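Participant:
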Amino acid sequence: MRYCRPGRVRAAGGLMAFELVFDRVLSAGDTAVVEYELGPAGEPASDSYDRRFSHPVHDYVAIVQFDGDRLPARCYGFTAESSRAPRQRLGELWVGASGSANIAVGAVRRGIVGVEWEWH
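Sequential numbering from 1 applies to the sequence shown in UniProt numbering.
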């Protein structure tokens, strides 16, 4: 974790919510860059990662780092209006020599932005 510190954490029903506490209070129009890492705790391999937005944001960037010994066959960016709405694919994402894929989306409205992948 960089550029922030952990706050409250809540986990239930296979979902997790956590608070990131910034170095300063943000005013309307201010920006903040944070870096944090999430990983499964002994659970089966996942096939997606998403971020849910309750308020619009100007830009969102995510990097998904895969284990170097196991890379996906395909990787895609997606958006969805809600967890019950169908995913809209944004296109295929490259998984490079670093074993990572990234997505950058501007003018994010309420909803979901994520990365999904297919294993070999």
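All residues carry an ideal CB built from backbone N, CA and C; glycine is no exception. Keep in mind the model is a prediction, meaning the values are calculated, not measured.
Applying the 10 Å Cβ sphere with the 16-neighbour rule, what's the burial state of THR79?
Facilitator: buried
Participant: Let me check understanding here. Comparing Cα to Cα, which of CYS75, VAL57, GLU81 and ALA101 lies closest to GLY29?
Facilitator: VAL57
Participant: To which residues does DSSP link MET1 through a beta bridge?
Facilitator: None; MET1 has no bridge partner.
Participant: Does the contact criterion of 3 or more C-beta pairs under 8 Å hold for the region 58 to 76 versus the region 85 to 98?
Facilitator: yes
Participant: What are the boundary residues of the beta strand (DSSP E) that VAL34 is part of?
Facilitator: Premise fails: VAL34 is in no beta strand (DSSP E) and is neither H nor E.
Participant: Using DSSP bridges, identify the partner residues of ASP59.
Facilitator: GLY106
Participant: What whole-angstrom Cβ distance do TYR60 and ARG51 have, given they're in contact under 8 Å?
Facilitator: 7 Å
Participant: Would you call the CB atoms of VAL115 and SER48 closer than 8 Å?
Facilitator: Going by C-beta atoms, VAL115 is nearer than 8 Å to SER48.
Participant: Within this structure, are the beta carbons of GLU118 and ALA73 separated by less than 8 Å?
Facilitator: yes
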